[in-house]
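Student: Here you go, one structure.
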Amino acid sequence: MSKIIFRPWGCGLLSIMLVATLLVSSNGLPWKITISYHVQVAAVNLFGAIRVTKEFLPLIRKSHGRVVNVSSILGRIPDPFLGAYSITKFALEAYSDILRFEMIPFNVKVSMIEPGNFLAATNVLSGKEGLIAMANKTWHKLDESIQKDYGKESFDRQLRIVEILMKLSVKSCVFHERDSGSVVSAMTDAVYREYPKHRYLEANLIDKAMAYCIQFVPTSWTDSLRLGFQKQLINLYR
143 MSKIIFRPWG CGLLSIMLVA TLLVSSNGLP WKITISYHVQ VAAVNLFGAI RVTKEFLPLI
203 RKSHGRVVNV SSILGRIPDP FLGAYSITKF ALEAYSDILR FEMIPFNVKV SMIEPGNFLA
263 ATNVLSGKEG LIAMANKTWH KLDESIQKDY GKESFDRQLR IVEILMKLSV KSCVFHERDS
323 GSVVSAMTDA VYREYPKHRY LEANLIDKAM AYCIQFVPTS WTDSLRLGFQ KQLINLYR
């Protein structure tokens, strides 16, 4: 059984906890995501974590300490409505896995915290009405050729799905967690446990099930499942 370890201060830097998250609003609509948007999100979520790690890694190696990266369940489940964000979280997961292997000779443990949907607990979507208005404004500024390619009906459908998911994320206990205490507990465990987990997936049962399905079930099945889920959302919330 794993146990809690306590080490005296003065033996170097014991651990670094990296919580680098930038979620700039694009409403997940592909025609709104520019290269500068991708760069902006990656600069914080990915390269910010790498820079800080490189800066303090010599001290961590000296103390045989810990590196704890806070990723996201979207580092396992690619979300078409949060594409740029998901990309950086997938990359952060890969970086953490690589770093864990590289640090084995130094007895440095590397863990990842993967929070699920804690939007209600963080109140990050308090301005969702503004996000919807921004999407509509951007649509009307698009070139006619792009509007023709996507079609107004497709735009309205995508925007409606985003709006429904945002509302469910805040109101329905099935789709979100109201208490972020489990994430804090996972962080504490990753720092102090003698043999910490490589990954701490802190999410509701639906998110966990989807994460494992995507890992083990054929992609065509999970794609059909997610598309069917979106269709049901539209039908239920007309």
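So the sequence shown is numbered by the numbering used here: it starts at 143 and just counts up by one.
Yeah, the Cβ is synthetic: ideal placement off N, Cα and C, and Gly gets one too.
Excluding the five sequence neighbours on either side, which residues of its own chain have a C-beta within less than 7 Å of the C-beta of E305, listed in chain order?
Tutor: I274
Student: Per the contact definition of three or more C-beta pairs closer than 8 Å, is the stretch 214–227 in contact with the stretch 341–353?
Tutor: Output reads yes: the stretch 214–227 touches the stretch 341–353.
Student: With 16 other CB atoms within 10 Å as the buried threshold, where does T361 fall?
Tutor: By the Cβ neighbour-count rule, T361 is exposed, with fewer than 16 other Cβ atoms within 10 Å of its own.
Student: Let me make sure I understand the geometry here. Which of K231, K251, F223, S324 has the alpha-carbon closest to that of V209?
Tutor: K251
Student: Determine which residues share a DSSP beta bridge with K251 and list them.
Tutor: BP columns for K251 point to R208.
Student: Using the three-state DSSP reduction, which class does L224 fall into: helix, strand or coil?
Tutor: Look at L224 here: in three-state DSSP terms it is coil, with no helix or strand label.
Student: Roughly how many angstroms lie between the CA atoms of Y237 and N249, to the nearest whole one?
Tutor: 18 Å
Student: In whole angstroms, give me the CA-to-CA distance for I202 and R299.
Tutor: 49 Å
Student: Among the candidates W281, I192, L224, K309, whose CA atom is the shortest distance from the CA of N211?
Tutor: Ranking the options by Cα distance to N211, first place goes to I192.
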